[in-house]
Amino acid sequence: MHGFLSGVRGFLSEVPGFLPGVAASLVIALLAAGRVATALRANRLLAFCLVVSIGAILAATLTPNPGGFEPPPGTMFCDLSRVSPAPLAELLSLHGEPSLNALLCLPLGLVIGLLPRSAGKIVLLAGALALPAVIEVLQGLRGPLNRSCSSADVVDNLTGLAVGVVLGSAAGWLWVRVTRTAG
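This note's numbering puts the first residue of the sequence shown at 330, with every later residue one more than the last.
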């Protein structure tokens, strides 16, 4: 647990825009939850969590990084050295960039998994699957963000998203079964 907390502290010092970005996401979620809930035929709490989880991802990945990360020598645009999932032990250790990247997208996956079936859910899932790659391309452009692109981040984000969707779908399925049986 100590390793996880030190990783979070390190992340917060490297990405000072994260907490203000999450705060802005909370305000936006309060204002938009009703409309999002209506559009997705979902309850307001799920809509609120959806907006906050997307906002947290954007705050963590698209706010300027004052320290900056340099790509490995010889890479022009994006570090493509890892295109497979991180070892399970590394993801479960809750220490280091792979686990933090997976945890970042897990809440979004949970919310998507819990949403009722609809065309909006399918569109949202497609957008969520594309989001990590789009973010990394934007980071690869470097510019004012002072970030670098990494295929490993995409894979780790997609891992967290997939785990979240599976867990959310299972929880939603179980909830429906329990409430039908109880009612």
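Every residue, glycine too, gets a C-beta built ideally from N, C-alpha and C.
{"Item": "DSSP bridge partner residues for Cys407 (one or two, in chain order)", "Value": "Cys478"}
{"Item": "Endpoints, the alpha helix (DSSP H) within which Ala385 is located", "Value": "Arg373 to Thr390"}
{"Item": "Meets three-Cβ-pair contact criterion under 8 Å: the segment 441 to 451 and the segment 360 to 373", "Value": "yes"}
{"Item": "Reduced DSSP secondary structure (H/G/I, E/B, other) of Gly469", "Value": "helix"}
{"Item": "Reference Ala457, options Leu439, Gln468 and Leu470, closest by Cα", "Value": "Leu439"}
{"Item": "Val483 versus Ala462 - alpha carbon distance", "Value": "6 Å"}
{"Item": "Val463 - DSSP class collapsed to helix/strand/coil", "Value": "helix"}
{"Item": "C-alpha gap between Val492 and Leu417, whole angstroms", "Value": "12 Å"}
{"Item": "CB-CB length for Val380 against Ala362, believed under 8 Å", "Value": "7 Å"}
{"Item": "Local Cβ density within 10 Å of Gly432, reported as buried at 16 or more and exposed below that", "Value": "Going by the sequence as given, residue 432 is Leu instead of Gly. Looking at its Cβ environment, which holds 16 or more other Cβ atoms inside 10 Å, Leu432 is buried."}
{"Item": "Among Gln468, Ser428 and Ala500, the one whose alpha carbon lies nearest that of Leu487", "Value": "Ser428"}
{"Item": "Whole-Å CB distance - Gly346 paired with Thr392, under 8 Å assumed", "Value": "3 Å"}
{"Item": "Same chain, Cβ closer than 7 Å to Asn394, neighbours up to 5 away in sequence not counted", "Value": "Glu343, Val344, Leu474, Asn475 and Arg476"}
{"Item": "Val507 beta carbon less than 8 Å from that of Gly442", "Value": "no"}
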